[in-house]
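Protein chains in written order, with the working numbering: chain A, 1 to 113; chain B, 1 to 116.
Glycine is no exception: its CB is placed at the ideal position from the N, C-alpha and C atoms.
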């Protein structure tokens, strides 16, 4: 089975712009979570979606939003980008056995200049 | 809210030596516990997990971890380290009764370097 996939791999944006990151979960997984990992730190939880509904939200501003599609893929949107949004954005999926056992994709490296 | 502490930011061991990475958590009950490994520029790979039962759990790549409730710890061990084990290691917890979904709370990570 293919693992969690994310696109794009890297991107560079300018302050104030908007960005959309995409994630496809492992086949059969219905839950997708998003994490932000700033350089030198552990990942921080942003959102969890299950069956297209938001099930959890971390301590992030309203500039961050997400959604999940009927095929269980997900998008993370960030508006009005700040320099501090530069990070590795990780997507994780879970399901089929234990919803707490999460498998991560390779991440999207976002650089804001 | 739960929290995770990994006291060692960097650890250097010689190839073939044993390894122990420390992890302490703070939570009112027993959380679910995980160790992940991250190679440079990569995503996270699940090494092992603890939900309940036997407190010594085996994972991939020859790693094991022991849950000690009295010490609120979940330390990762390996008897003989290989050069390919050089990476960043993250301990994480999930509070199964939380209303924050399956949110993982991560420690700050331990960077492992392996000397030849």
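Residue from the options with nearest C-alpha to residue i
i	options	result
residue 106 of chain A	B:63, B:45, B:58 and B:110	B:45
residue 44 of chain A	A:112, A:4 and A:92	A:92
residue 23 of chain A	A:8, A:40, A:95 and A:61	A:8
residue 110 of chain A	A:99, A:16, A:100 and A:87	A:87
residue 20 of chain A	A:103, A:12 and A:27	A:12
residue 63 of chain A	A:72, A:79 and A:49	A:79
residue 96 of chain B	B:55, B:13, B:50 and B:23	B:50
residue 60 of chain A	A:112, A:83, A:42 and A:36	A:36
residue 90 of chain A	A:99, A:108, A:58 and A:68	A:108
residue 113 of chain A	A:94, A:98 and A:81	A:81
Alpha carbon of residue i to alpha carbon of residue j, nearest angstrom
i	j	result
residue 105 of chain B	residue 89 of chain B	14 Å
residue 25 of chain B	residue 94 of chain B	10 Å
residue 35 of chain B	residue 76 of chain A	25 Å
residue 6 of chain A	residue 54 of chain A	20 Å
residue 17 of chain B	residue 73 of chain A	43 Å
residue 92 of chain B	residue 86 of chain B	19 Å
residue 66 of chain A	residue 38 of chain A	19 Å
residue 48 of chain A	residue 33 of chain A	4 Å
residue 83 of chain A	residue 56 of chain A	25 Å
residue 21 of chain B	residue 10 of chain A	31 Å
residue 79 of chain B	residue 31 of chain A	35 Å
residue 59 of chain B	residue 29 of chain B	24 Å
residue 70 of chain B	residue 7 of chain B	18 Å
residue 100 of chain A	residue 43 of chain B	18 Å
residue 64 of chain B	residue 77 of chain B	5 Å
residue 47 of chain B	residue 4 of chain B	17 Å
residue 68 of chain A	residue 110 of chain B	33 Å
residue 9 of chain B	residue 41 of chain A	10 Å
residue 17 of chain A	residue 46 of chain A	19 Å
residue 23 of chain B	residue 103 of chain B	18 Å
residue 72 of chain B	residue 52 of chain B	14 Å
Chain-order list of residues whose beta-carbon lies under 8 Å from that of residue i (same chain, five-residue window excluded)
i	result
residue 70 of chain A	52
residue 3 of chain A	26, 103 and 105
residue 31 of chain B	2, 25, 93, 94, 95 and 96
Neighbourhood of residue i by C-beta distance below 7 Å, restricted to the same chain and skipping five residues each side
i	result
residue 15 of chain B	81, 82, 83, 114, 115 and 116
residue 67 of chain B	33, 50, 55 and 74
residue 85 of chain A	78, 110 and 112
Residues that residue i bridges to, as DSSP identifies them
i	result
residue 35 of chain A	A:45 and A:90
residue 95 of chain A	A:98
residue 76 of chain B	B:21 and B:65
residue 111 of chain B	B:10 and B:88
residue 15 of chain B	Bridge partners of residue 15 of chain B: none, in fact.
residue 11 of chain A	A:110
residue 50 of chain A	A:31 and A:53
residue 70 of chain B	Looking at the DSSP assignment, residue 70 of chain B forms no beta bridge with any residue, so it has no partner.
residue 32 of chain B	B:94
Own chain, CB closer than 6 Å to residue i, minus 5 neighbours either side, in chain order
i	result
residue 96 of chain A	28
residue 19 of chain B	13, 78 and 81
residue 41 of chain B	none
#### Entry: Those runs of the beta strand (DSSP E) which lie wholly inside the stretch 35-61 of chain B and span at least 3 residues
44-50 and 56-58
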